[in-house]
Amino acid sequence: MTKQIDLNCDMGEGMDNDALLMPLISSANIACGYHAGDDSIMRATVALAKQSGVSIGAHPGFADKENFGRTEMQLSEKELYQLIWDQLALMQRITQEASVAMHHVKPHGALYNMAARDATMARVICQAAKDFDAALIFYGLSGSYLISEAQALGLSTVSEVFADRTYQDNGSLTPRSQPNAMIHDQASSLAQVLQMIQEQNVTAVSGKIVSLSAETICIHGDGPHAVSFAQQINQALTSADINIQSPKVSPKK
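Residue numbers (our numbering): 20 to 272.
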């Protein structure tokens with residue numbers, strides 16, 4: 020049986036390589052103007068995704084452009100719910116203008132990382148997504164509260180792993196504040212990607228083999244070699260007879 024994997028990339032964040040990356044991926048997480056982007060960038064990015072047949076997702080983050088949404092913020096449950104709802108509404112307005120469907124939602128940056136380890140935050144985010152549109156697929160860190168809370172609410176989920184990030188023994192990502200958080204060597208990153216897809220595990224920084232579910236691979240579009248890296252991953256997957264395809268799942272009844 021041929022394996023398949025989704026390749027997702029965070030888009031519409033003000034980088035100049037979105038048009039080059041788009042044909043290499045299957046899902047785009049488009050910033051909703053809070054941590055990055057604006058209406059015109061959202062429109063342009065949605066148009067690029069439509070042109071390439073790439074699934075369009077909302078990428079809501081904290082309202083903190085100064086820190087690119089990577090600084091932790093403490094919000095009430097009501098404020099958090101509204102933060103997600105408002106960004107989904109912005110994305111839906113633009114996808115409807117373009118006559119395309121919104122396919123998924125994936126939180127951004129500090130919001131994603133906090134909710135991955137905080138069940139209450141994860142549940143509020145997932146509840147907002149479900150209330151907005153129960154057909155949205157929820158992308159979250161493999162093995163985290165983002166996945167378990169979404170599933171508990173009956174949302175379809177896609178477990179995300181990272182091509183260029185290192186892992187801890189508990190399956191969490193190494194914090195960006197640590198020097199070994201990122202994988203800069205492309206050969207090592209490609210090897211990790213293939214291991215995660217083919218073996219459904221990853222080698223943590225300690226050397227421990229950690230099981231995980233790899234259903235979508237995140238490629239970061241903000242690195243200096245993002246396009247060449249995406250090309251290499253795309254080619255490596257094709258060579259390994261792994262289909263690159265956006266997930267098509269329907270919500271559980």
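Each residue gets a CB set at the ideal place from its N, CA and C atoms; glycine is no exception. This one's a predicted model, so the numbers in the text were calculated from it and none came from an experiment.
**Q.** Contact set for D241: own chain, Cβ-Cβ below 7 Å, skip 5 residues either direction
**A.** Taken in chain order, the residues that qualify are E32 and M34.
Q. Would you report the Cα separation of T235 and G56, rounded to the nearest angstrom?
A. 24 Å
Q: Just tell me which of L107, V124, N36 and D25 has its CA closest to the CA of P243.
A: N36
Q. Taking buried to mean at least 16 other C-beta atoms within 10 Å of its own C-beta, is N189 buried or exposed?
A. Of the other Cβ atoms in all chains shown, fewer than 16 fall within 10 Å of the Cβ of N189; this residue is therefore exposed.
Q. At what residue ranges does the segment 162-249 contain a whole run of the beta strand (DSSP E), taking only runs of 3 or more?
A. 176-181, 220-222, 228-230 and 235-238
Q: Would you mind reading off the limits of the alpha helix (DSSP H) that contains S71?
A: D58 to S71
(Q) Suppose you measure from the CA of A117 to the CA of A223; what does that come to, to the nearest Å? (A) 42 Å
**Q.** One or two residues paired with Y158 in a DSSP bridge
**A.** V177
Q: Report yes if the C-beta distance between E179 and R142 is below 8 Å; otherwise report no.
A: no
Q: Can you grab the Cα-Cα spacing for the pair A245 / I49, in whole Å?
A: 17 Å
Q) When we look at the beta-carbon of P79 and count the other beta-carbons within 10 Å, is it buried (16 or more) or exposed? A) buried
Q) Per DSSP, M15 is paired with what? A) Only positions 20 to 272 of the chain appear in this structure, which leaves residue 15 out of reach.
Q | Backbone CA spacing between R136 and R195 [nearest angstrom] | A | Taking the straight line from one Cα to the other gives about 15 Å.
Q: Using the DSSP secondary-structure output, state which residues sit across from A255 in a beta bridge.
A: Paired residues: none, contrary to the question.
**Q.** Strand pairing of H78, partner residues [DSSP]
**A.** The partner list for H78 (beta bridge, DSSP) reads A50.
Q) For D260, which three-state DSSP category applies? A) coil
Q) Which class does N36 belong to by DSSP, given the choice of helix, strand or coil? A) Annotated three-state conformation of N36 is coil, per DSSP.
Q) For N86, which residues of its own chain have a beta-carbon under 7 Å away from its beta-carbon, when the five flanking residues on both sides are left out? A) none
Q: Could you pull out every residue in the same chain whose Cβ sits closer than 8 Å to the Cβ of L26, ignoring the five residues on either side in sequence?
A: L43, I44, S45, S46, T235, I236, I238, A249, I252, N253, L256 and I263
Q.
So for M110, helix, strand or coil by DSSP?
A. The answer is helix: DSSP assigns M110 an H, G or I state.
Q | Residues near Q211 by beta carbon distance below 8 Å, same chain, minus five either side | A | A182, I202, V221 and T222
Q.
As a quick exercise: from L231, M215 and S230, pick the residue whose alpha carbon is nearest that of I261.
A. When each option's Cα is compared against that of I261, the closest is M215.
Q: Kindly indicate which three-state DSSP category K84 falls into: helix, strand or coil?
A: helix
**Q.** Integer Cβ distance of S159 from L165, believed to fall under 8 Å
**A.** In the sequence on display, residue 159 carries Gly and not Ser. Contact flag correct, Cβ pair sits at about 3 Å.
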